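Written below as structure tokens is the structure these notes are about.
2 protein chains.
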Amino acid sequence: MGASKIDIYSNEINEIAAIAKVFSHPARVAILQYISKQNTCICNDIVDEIGLAQATISQHLKIINDAKLLEGTFEGKSLCYCLNVERFQELQSLFNSFFNQTKSNCC
Amino acid sequence: MGASKIDIYSNEINEIAAIAKVFSHPARVAILQYISKQNTCICNDIVDEIGLAQATISQHLKIINDAKLLEGTFEGKSLCYCLNVERFQELQSLFNSFFNQTKSNCC
DNA sequence: ATTTATTATCGTAATATTGCAATAATACAA
DNA sequence: TTGTATTATTGCAATATTACGATAATAAAT
């Protein structure tokens, strides 16, 4: 008990849930918003901007990165994170098709 | 430690995260999809349809309901759950404006 | 090679979530 | 009122998530 039984759901359902999980923590939403606001794309001021420890931010970035939402390149000493806009759009589309499909079938 | 520090984020950010949390579990996505598919709107076959205990489904329904996504009326002995389409659409819009805003600001 | 700055990982504690059995509450039927 | 069906709540165990300090890894500069 305690673990989600992901094997009993369809792939589509698990995918939607996995996408939503990325956005289900305010730190990750804040990180994504902050990265997108910096049009320079230069990063880990994220730690200063958001009030969390560096290790924690790094952990959240890993989750965002695992969803393929980031592109990172080294710029001097520091890593420059950038939003993968295509992937971001893809997630938005998947979410919207779930929303639209669900809405339209309803009573 | 362990608890999310929701006080350090803006309301908008917390709202997006809270919405996403509803969809972040496959059982809840499946429930929403199932409710919408039943154009009759008659319900707790949900327990049979999805392979989870009645108590667990009821718990998930509570979370969906707390997000104001359900309308429930009694029909004889059984409760008839229905998707609150206006609210559903509202969540979709909030999500989309976050997506669009984030996308457009990026490098 | 050593230092310095930046990011990732490990270990651990606190809290949250998931799931279920048992039980309570609710609503109708007899 | 008693029984029956449906849904909610409670209590508990298992697992997951969040957060942080300490430490490692990486990359440039001295």
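Just so you know, the sequences run in chain order A and B. In the numbering used here, each number is its position in the first sequence, counted from 1, plus 19. In the numbering used here, each number is its position in the second sequence, counted from 1, plus 19. C-beta: ideal position from N, C-alpha, C; glycine also. Just so we're clear, the structure is a prediction, and the values are computed from it rather than from any experiment.
- Think of a sphere of 8 Å around the beta carbon of Gly70 (chain A): the chain B residues whose beta carbon falls inside it are Lys24, Ile27, in chain order.
- Of the candidates A:Ser55, A:Thr121, A:Cys125, A:Ala74, A:Ser55 places its Cα closest to the Cα of Cys99 (chain A).
- Collapsing the DSSP output to three states places Tyr53 (chain A) in a helix.
- Boundaries cannot be given for Leu88 (chain A), as no beta strand (DSSP E) includes it and DSSP labels it neither H nor E.
- Taking 7 Å as the cut-off between beta carbons, the residues of the segment 50-61 of chain B near chain A are Leu51, Gln52, Ser55, Lys56, Asn58, Cys60, in sequence order.
- Residue-level contact check: Gln120 (chain B) touches chain A, since one or more beta carbons of chain A fall below 9 Å from its beta carbon.
- Inclusion of Ile61 (chain A) and Glu94 (chain A) in the CB contact set at 9 Å is warranted, their separation being smaller than that value.
- Distance from the Cα of Ala37 (chain A) is smallest, within the candidate group A:Gly70, A:Leu88, A:Glu68, for A:Leu88.
- Taking C-beta atoms under 8 Å as the contact rule, Ile76 (chain A) and Ile83 (chain A) fail to qualify, at a distance of about 10 Å.
- Within the same chain, Cβ atoms closer than 6 Å to the Cβ of Val66 (chain A) are found at Gln73, Ile76, the five residues on either side in sequence being excluded.
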